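If you use UniProt numbering, the sequence shown corresponds to residues 1 to 369, in order.
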Amino acid sequence: MMGQGASDPLPLVTLLGIGLETARDLAGRGARVILACRNLEATAKAKEDIRRTVPNANLEIVSLETSSLRSVRACARDVLQKENQLDILIHNAGIRAPLERVLTEDDLELTMATNHYGHFLLTILLLDLIIKSRPSRIIAVSSSMHHCGEIDLRNPNYERDYRFPFNWYEHAPVYANSKLAQVLFIKGLAKRLEGKGVTCMALHPGLLNTDFFSGVQGPWRALGCLAAICGKNAKEGAQTTIHCAVDERFADEAAWSGTYFKDCEPAAVNPVAENDHLIEGFWTYSEDVTRALAKYYQSPPSPKLQLDAEASRGSMTSEESKESPRESKELSREPKESPKEPKESPKEPKELPKQTKNKIPENSQPFVI
C-alpha cells in the first residue's frame with residue numbers, strides 16, 4: 001500500500017498523448033507523479049483531467065522543454081532541490097520532424113534535440129538521484145521507426161555539406177534517426193549502469209491514432225490514414241510504457257536492462273543498435289554536445305559517469321558499423337538471454353494487460369516527461 005507522503009512512489013512523466021494516460025494510470029496506483037511539460041497551462045488542465053478520474057491523485061508540475069538544454073537544466077535543478085528520490089524516469093516527449101530543417105536555440109536540429117539530446121541531458125543530471133532511489137527504472141518511448149534509422153557520426157546535425165550529398169535533411173528519415181538515437185542511448189546507459197540497480201528500457205507504443213498525425217503532409221499522410229483506421233488510442237498506446245514501469249520482474253536489472261519492448265513483450269531492435277562502437281561513438285557525441293553547451297551557459301557540470309571504455313570518435317555510419325569488429329573487450333558485452341516464458345500480449349487491446357496490474361513498488365516516485 002502507498003500513502004500520499006513525500007516518500008511515495010515518484011515517477012516523472014513528459015505529458016503529451018500517451019504520457020497523460022501513463023500519468024493517470026500511475027496516479028491511480030497510488031504513485032506521486034511529477035508531470036513535466038513545456039506548456040504549464042496545458043499541464044494544469046491535464047492535472048485537472050487526471051483528478052476527474054483519480055480524485056486523490058498526488059501530482060506535481062514542472063516546466064520542461066526538451067528541445068532547450070537550458071530548460072532541461074532548469075528542470076533538473078528544480079527536481080533536485082525539491083525531491084530526495086526518483087524511482088521511475090519516463091521519456092515520453094517527442095515530435096515528428098518538421099518538413100524543413102529547424103535549429104534550436106542551441107543550434108541543434110530540432111527533432112534530434114527534442115527526441116534525444118534533451119532526454120540524454122536530463123537523465124545525466126538526475127542520475128545520482130535515480131541511483132540513490134534504486135531499484136529504479138529509466139524508460140524511453142521510442143518507435144518501430146527506429147528500424148529505418150541510421151546515425152552518421154560525421155554529420156549528426158544534418159549540416160549542408162558537399163561531403164554528405166546523401167545525408168541532407170529529409171524529415172521522415174530524421175524522425176527515424178531520432179528514435180534510433182533513443183535506443184542507442186538506452187543501450188549505452190544500461191551498459192554504464194550495470195550493477196547499479198537501475199533498469200533501462202526502450203519501447204514501441206504502437207501505431208497511435210492521436211494528434212501526432214494532425215496536419216501531416218507527404219509520407220506521413222498515408223501513415224496517418226492507416227492510424228485513423230487501425231491505430232491505438234492514447235490509453236491503449238500507454239500500456240507498454242505502464243508495463244515497463246510497474247512489472248515487478250523488471251526490478252531484476254541484470255536480466256532486463258537494455259531490453260526493447262513492443263506490445264508488452266521483448267522485441268528485436270535494429271541490428272545497428274547492438275553495435276558497441278556505434279553505441280559508444282554516439283554516446284560520446286551526445287556527451288560532447290551537452291557538455292559544450294553546459295560550458296557555454298556556465299551551468300554546473302553534469303554528474304560524472306564512470307565510462308567503461310573510450311568512445312569511438314571515428315567517422316562511422318550505422319551502416320558501416322554493421323561490419324565493424326568488436327576489437328575491445330571493454331566495449332563488448334555478452335548478449336542477454338530473453339526470458340523464456342514472457343507473458344502473452346493482451347488479445348483485446350482495450351483491456352489492461354495482466355502485467356500492468358502490478359502495484360508500483362512501495363516508496364517509489366515516478367517522473368513522467
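Just so you know, even glycine gets a beta-carbon here, dropped at the ideal spot from N, CA and C.
Given the structure is predicted, the values throughout are model-derived calculations rather than measurements.
Exercise. Does the Cβ-Cβ distance between Ile130 and Val198 come in under 7 Å?
Worked result: yes
For this session: List the residues that DSSP assigns as beta-bridge partners of Thr199.
Result: Arg137
For this session: Would you identify the three-state DSSP class for Pro366, choosing helix, strand or coil?
Result: strand
For this session: Determine the burial state of Arg77: buried for a count of at least 16 other Cβ atoms within 10 Å of its Cβ, exposed for fewer.
Result: exposed
For this session: Under 8 Å by Cβ, that's how I've got Ser138 and Asn92 pegged, so tell me the actual separation to the nearest angstrom.
Result: Checking the sequence, you will find Ile at residue 138 rather than Ser. Not really, about 12 Å apart at Cβ, beyond 8 Å.
Exercise. Using DSSP with H/G/I as helix, E/B as strand and the rest coil, what is Val79?
Worked result: helix
Problem set entry | Neighbourhood of His116 by C-beta, 8 Å cutoff - its chain only, sequence neighbours within 5 removed | Ser178, Ala181, Gln182, Phe185, Ser286
For this session: Within its chain, find whatever has a CB closer than 6 Å to the CB of Gly28; leave out the 5 residues flanking it on each side and keep chain order.
Result: Val54
Problem set entry | Segment contact flag, the stretch 139-147 with the stretch 241-252, C-beta cutoff 8 Å, min 3 pairs | yes
For this session: Round the Cβ separation of Pro98 and His171 to the nearest angstrom and send it over; I've been treating them as touching at under 8 Å.
Result: 6 Å
For this session: Hey, could you find the ends of the alpha helix (DSSP H) Cys244 is sitting in?
Result: 239-246
Exercise. So, do the stretch 65-79 and the stretch 44-54 have three or more beta carbon pairs nearer to each other than 8 Å?
Worked result: no
Exercise. Can you list, in chain order, the residues of its chain whose CB lies under 7 Å from that of Ala113, leaving out five sequence neighbours each side?
Worked result: Ser67, Thr104, Asp106
For this session: Hey, could you find the ends of the beta strand (DSSP E) Asn58 is sitting in?
Result: 58-63
Exercise. Are three or more beta carbon pairs between the stretch 190-204 and the stretch 249-267 nearer than 8 Å?
Worked result: yes
Exercise. Quick one: what's Phe250 bridged to in DSSP?
Worked result: According to DSSP, which records beta bridges pairwise, Phe250 is partnered with nothing at all.
For this session: Count the other C-beta atoms from every protein chain shown that fall within 10 angstroms of the C-beta of Arg96, then say buried if there are 16 or more, exposed otherwise.
Result: buried
For this session: Mind checking which residues open and close the beta strand (DSSP E) that includes His91?
Result: 88-91
Problem set entry | Distance, Gly149 Cα to Val174 Cα | 8 Å
Exercise. Would you call the CB atoms of Ser133 and Gln85 closer than 7 Å?
Worked result: yes
Problem set entry | Rounded C-alpha distance that separates Glu41 from Ile90 | 21 Å
Exercise. Quick one, are the C-beta atoms of Leu59 and Leu26 less than 7 Å apart?
Worked result: no
For this session: Measure the C-alpha to C-alpha separation of Gly195 and Asp252 and round it to an integer number of angstroms.
Result: 10 Å
Exercise. Exposed or buried, Pro366, counting other C-beta atoms within 10 Å across all chains shown (16 or more means buried)?
Worked result: buried
Problem set entry | Beta-bridge pairing of Tyr260 - partner residues as DSSP gives them | Ala202
Exercise. In the structure shown, what three-state DSSP assignment does Glu109 receive?
Worked result: strand
For this session: Determine the DSSP secondary structure at Glu159, reduced to helix, strand or coil.
Result: coil
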